[in-house]
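Take a look at the structure:
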């Protein structure tokens with residue numbers, strides 16, 4: 001059943017009573033599929049069998065994604081279906097509301113969510129212009145652990161104050177913008193461990209960030225509303241570094257990992273804290289200025305492992321520039337544990353772009369006497385990731401004399417090898433031996449070496 005599409009699994013259920021019962025839970029487990037049309041919404045509502053007693057399926061639904069576009073001709077029907085689904089699927093733990101509920105009065109909608117979903121732990125909410133802080137405040141009744149706020153946040157500048165009671169339960173908070181949201185006066189969210197926040201060039205950014213979220217362990221630094229040019233970043237960096245140094249050492253001591261949307265803003269942030277893991281982006285526009293920024297950042301943060309997110313799409317029909325290769329070399333030298341993440345669109349051809357990049361990696365490794373762990377992660381922005389060349393693994397393993405482990409991950413599936421070099425007494429050339437490990441063992445190693453702190457991104 002796991003190999004079937006949702007449509008085919010649904011069709012299988014209709015063939016006989018036995019398969020209808022056997023496929024019910026696997027199908028309900030896929031309920032987080034985007035409901036993005038009136039027909040799909042109505043079909044899902046019918047599938048639930050609301051008010052059908054023992055045959056009702058509402059109790060099996062644990063996740064929902066409601067995203068039906070506004071259509072005047074279907075407005076009342078959509079409103080009734082939305083509210084009906086939310087009122088009866090009381091076991092939902094994960095809910096995403098996209099930007100298409102303007103035809104439903106926000107206060108009523110949020111009241112239904114707050115009173116009908118007692119088990120809700122994760123909410124991804126697009127804030128419409130009609131939403132108020134009073135409506136958002138209704139969410140404090142929920143046992144939320146994860147909250148993501150996007151959309152018209154400037155319409156609810158005191159949203160953080162409205163959700164302040166959630167400080168007792170929240171462990172993840174995403175898409176926070178101090179340009180549009182005011183910090184809660186005298187309040188904080190000490191339980192938030194994973195934080196997504198936009199960089200802000202205001203002089204109060206560091207103080208506001210650390211006082212509002214003092215317990216952060218995983219920071220995602222999102223792109224600012226206004227583009228921070230490299231020259232501007234250079235001017236912001238030193239003042240912010242001094243502000244970080246004034247923050248008490250006990251604050252943000254627990255920081256483990258940082259994921260940055262771009263280098264200039266991370267450089268401007270001036271973060272002076274040791275981290276176990278750092279993830280930064282690379283594309284064909286990477287220049288010697290970016291290399292200088294990277295070296296500054298690494299010197300201040302001293303990451304145990306580093307991930308370079310390489311946008312392969314930007315290298316189509318282009319050879320990697322000298323500046324890019326120099327920056328890549330600096331990246332490989334900056335940590336003993338490196339992840340190279342190659343991002344592509346699965347349906348496109350890359351005319352050897354990935355091969356050119358891998359050539360650059362392979363050619364550099366003999367110069368690197370400190371790299372011990374290397375993960376090549378291939379991901380697709382859509383479709384399936386470009387398949388790597390497995391034949392490169394032995395060559396990469398031999399290229400670095402310090403290499404102890406190497407892995408390839410494609411669309412979340414990991415193959416990995418322990419690299420050993422038996423010692424001989426007859427002065428023969430040292431042999432490199434690859435011993436394949438199980439995927440579970442590889443995952444445990446990535447966790448222990450702190451190379452996989454942002455696997456979900």
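Numbering (UniProt numbering), first residue to last: 1 to 457.
Heads up, the beta-carbon is just placed ideally off N, CA and C, and yes, glycines get one too.
Entirely within the segment 397-448 and at least 4 residues each: give me those alpha helix (DSSP H) ranges in chain order.
-> 439-448
Between which two residues does the alpha helix (DSSP H) containing residue 322 stretch?
-> 322-333
Which residue comes first and which comes last in the beta strand (DSSP E) that contains residue 170?
-> It is not in any beta strand (DSSP E) - residue 170 carries neither H nor E in the DSSP assignment.
So, does the CB of residue 422 fall closer than 8 Å to a CB anywhere in chain B?
-> Going by chain labels, chain B is absent from the structure shown, which holds only one protein chain.
Can you tell me whether DSSP reads residue 344 as helix, strand or coil?
-> strand
Is DSSP giving residue 65 helix, strand or coil here?
-> strand
Cα separation between residue 3 and residue 50?
-> 29 Å
Go ahead and pull the three-state DSSP assignment for residue 302.
-> coil
Can you tell me the Cα-Cα spacing of residue 87 and residue 265, whole angstroms?
-> 43 Å
Decide if residue 411 is buried, meaning its Cβ has at least 16 other Cβ atoms within 10 Å, or exposed.
-> exposed
contact_flag[the segment 235-249, the segment 268-286] where n(CB pairs < 8 Å) is 3 or more | yes
Contact under 8 Å by Cβ, residue 408 with residue 434 | no
With 16 as the cutoff for other CB atoms within 10 Å, does residue 425 come out buried or exposed?
-> Unreliable placement is indicated for residue 425, whose pLDDT of 49 sits below 50; no coordinate value is reported for it.
Which residues bound the beta strand (DSSP E) around residue 220?
-> 218-222
When the Cα of residue 416 is compared with those of 431, 401, 438, which residue comes out closest?
-> 438
Answer yes or no: do residue 63 and residue 32 have a C-beta to C-beta separation smaller than 8 Å?
-> yes
Quick one: grab the DSSP three-state call for residue 146.
-> strand
Residue 373 burial status per 10 Å Cβ neighbour count (16 or more: buried) = buried
Quick one: what's got a C-beta closer than 8 Å to residue 224's C-beta in the same chain, skipping five residues either side?
-> 179, 198, 199, 200, 201, 265
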